[in-house]
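In the working numbering, the protein residues as written are 12 to 396. Positions of the beta carbon are idealized from the N, C-alpha and C atoms, including for glycine. Small disclaimer: the values here were computed from a predicted structure and weren't measured.
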């Protein structure tokens with residue numbers, strides 16, 4: 012088919028690479044019946060039947076599909092604020108005024124970019140490898156993305172390069188620094204040095220701390236927000252709360268920052284069913300979060316077994332996934348070997364994420380993890396190093 016260049020489309024989007032979600036069951040290549048999706052860091056556990064029944068009742072008896080959803084999210088914000096205070100062991104310091112809710116964290120990231128950098132007002136700084144949507148969303152808005160690297164051993168941000176980038180980038184200046192705590196795909200938490208650097212940044216720079224995996228790391232920076240109005244913490248219901256299909260994210264920040272986000276977000280951005288599900292999840296958080304100890308135990312077992320493979324290099328994880336690389340052997344291209352290994356796992360029935368010189372593997376159920384180990388060992392046996 013001839014490619015048509017539409018003259019009204021921005022030229023910079025012609026070479027733009029969109030985010031590639033994992034394939035659906037009806038479009039995936041031919042694979043064995045058991046197809047384990049361990050590539051998107053979702054919870055391997057669905058909602059319990061009793062909560063699904065409660066949501067079904069809500070849909071049938073309460074939600075009117077001909078009416079727009081609650082556009083202010085006040086009830087949900089109150090519930091989120093209560094959970095945030097509880098999870099950070101804080102007094103009642105956060106209220107609904109400190110919370111903004113989005114259609115997934117992606118919408119909140121986009122709103123933050125619009126509020127800070129749009130119209131050549133600023134650029135963003137990210138340390139790769141990290142969550143790709145910061146750069147993708149910035150590029151779709153025509154916002155420059157400044158990247159720095161990480162230490163290849165512990166994945167700490169190259170702080171010297173980051174500071175230099177902030178000092179030297181002027182047209183436009185860096186207005187937002189994005190970090191993930193713990194980082195994806197590398198699973199490491201922010202170090203003491205990284206935190207000290209973030210705290211040292213000028214108040215004119217927004218620091219966005221993505222805590223998507225907080226429930227697994229149990230390490231949060233929410234307690235610092237009261238003293239740092241230029242910090243914003245992102246969180247999501249897509250991981251530990253098992254609501255990935257319903258797309259609910261939220262951020263915690265100074266009320267003035269929240270007020271700006273409320274101005275730029277789309278009206279009625281969350282469907283009524285998503286709001287109801289998030290409320291049910293929070294009301295039943297003890298039940299839903301009971302699965303975390305098992306996930307952490309399975310993570311430890313997975314790391315322990317994979318670390319016994321002499322070809323693999325596994326890093327410590329503070330999240331619900333592990334990151335593996337091949338040890339350098341000076342013979343074949345690591346990227347080529349990794350690509351082949353990734354393809355072999357896929358053919359065997361396990362989807363994992365190939366990213367930044369390594370593979371990110373979500374911790375699944377006991378059965379999924381057992382199959383992962385078996386398939387990793389089989390794929391390694393077929394590789395030529």
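Query: Mind checking whether residue 295 and residue 62 have CB atoms under 7 Å apart?; Result: yes
Query: Counting along the chain, where does the beta strand (DSSP E) carrying residue 134 start and finish?; Result: 134-138
Query: Might you give, ordered along the chain, the residues of its own chain that have their beta carbon closer than 7 Å to the beta carbon of residue 282, omitting 5 neighbours on each side?; Result: 80
Query: DSSP three-state label for residue 37, please.; Result: Low per-residue confidence applies at residue 37: pLDDT is 48, beneath 50, and the placement is therefore not dependable, though the value from the model is reported in the following sentence. Of the three classes helix, strand and coil, the one that applies to residue 37 here is coil, per DSSP.
Query: Within a Cβ cutoff of 6 Å, which residues of the same chain sit near residue 82, ignoring the five residues on either side of it in sequence?; Result: 278 and 279
Query: By the DSSP assignment, the alpha helix (DSSP H) with residue 145 in it spans what residues?; Result: 144-151
Query: What does the Cβ neighbour count give for residue 73, buried or exposed, with the cut at 16 atoms within 10 Å?; Result: exposed
Query: So what does residue 324 bridge to, in DSSP terms?; Result: 336
Query: Check whether the stretch 103-117 touches the stretch 331-345, taking contact to mean three or more Cβ pairs, one atom from each stretch, closer than 8 Å.; Result: no
Query: Is residue 154 helix, strand or coil by DSSP?; Result: coil
Query: Let me confirm a value: residue 375 is counted as buried when at least 16 other C-beta atoms fall within 10 Å, else exposed. Which label applies?; Result: buried
Query: Does the distance from the CB of residue 292 to the CB of residue 252 come in under 7 Å?; Result: yes
Query: Kindly indicate the opening and closing residues of the beta strand (DSSP E) around residue 372.; Result: 369-373
Query: Whole angstroms is fine: what's the gap from residue 161's alpha carbon to residue 307's?; Result: 25 Å
Query: How should residue 361 be labelled, buried or exposed, when 16 other C-beta atoms within 10 angstroms of its C-beta is the threshold for buried?; Result: buried
Query: What residues match up with residue 261 in a beta bridge as DSSP calls it?; Result: 112 and 246
Query: Which value, in whole angstroms, describes the spacing of the CA atoms of residue 142 and residue 195?; Result: 6 Å
Query: State the Cα-Cα distance for the pair residue 315 and residue 205, rounded to the nearest angstrom.; Result: 28 Å
Query: What are the uninterrupted segments assigned as beta strand (DSSP E) that are 3 or more residues long and contained completely in the stretch 159-219, given in chain order?; Result: 185-191
Query: Return the Cβ separation of residue 359 and residue 386 in integer angstroms, given the expectation that the two are a contact with Cβ distance under 8 Å.; Result: 4 Å
Query: In the DSSP assignment, what residue or residues form a beta bridge with residue 366?; Result: 369
Query: Going by DSSP, what residues sit across from residue 361 in a beta bridge?; Result: 47
Query: Could you name the residues of the same chain whose beta carbon sits closer than 6 Å to that of residue 173, not counting the 5 residues immediately before and after it, in chain order?; Result: 159
Query: Taking the CB atoms as reference points, tell me whether residue 311 and residue 198 lie closer together than 7 Å.; Result: no
Query: Using only alpha-carbon positions, find the residue among 164, 69, 156 and 262 that is nearest to residue 108.; Result: 262
Query: Rounded to a whole number of angstroms, what is the C-alpha to C-alpha distance between residue 36 and residue 48?; Result: Note that residue 36 scores 47 on pLDDT, short of 50, meaning its location in the model is unreliable; the coordinates nonetheless yield the value given after this. Between residue 36 and residue 48, the C-alpha separation is close to 10 Å.
Query: Which of the three DSSP states, helix, strand or coil, is assigned to residue 346?; Result: helix
Query: Count the other C-beta atoms from every protein chain shown that fall within 10 angstroms of the C-beta of residue 189, then say buried if there are 16 or more, exposed otherwise.; Result: buried
Query: Over what stretch of residues does the alpha helix (DSSP H) that includes residue 378 continue unbroken?; Result: 377-392
Query: Which word fits residue 31, buried or exposed, when buried means at least 16 other C-beta atoms lie within 10 angstroms of its C-beta?; Result: exposed
Query: Identify the residues that DSSP records as bridge partners of residue 221: which are they?; Result: 191 and 245
Query: For residue 84, which residues of its own chain have a beta-carbon under 6 Å away from its beta-carbon, when the five flanking residues on both sides are left out?; Result: 112
Query: Out of curiosity, what's the CA-to-CA distance linking residue 378 and residue 321?; Result: 24 Å
Query: Grouping DSSP H, G and I as helix and E and B as strand, with all else coil, what is residue 81?; Result: coil
Query: Here's the rule I'm using: 16 or more other beta-carbon atoms within 10 Å means buried, otherwise exposed. How should residue 39 be labelled?; Result: Low per-residue confidence applies at residue 39: pLDDT is 48, beneath 50, and the placement is therefore not dependable enough to give any value.
Query: Got a sec, what are the start and stop residues for the alpha helix (DSSP H) residue 229 sits in?; Result: Element bounds for residue 229: n/a, residue is neither H nor E.
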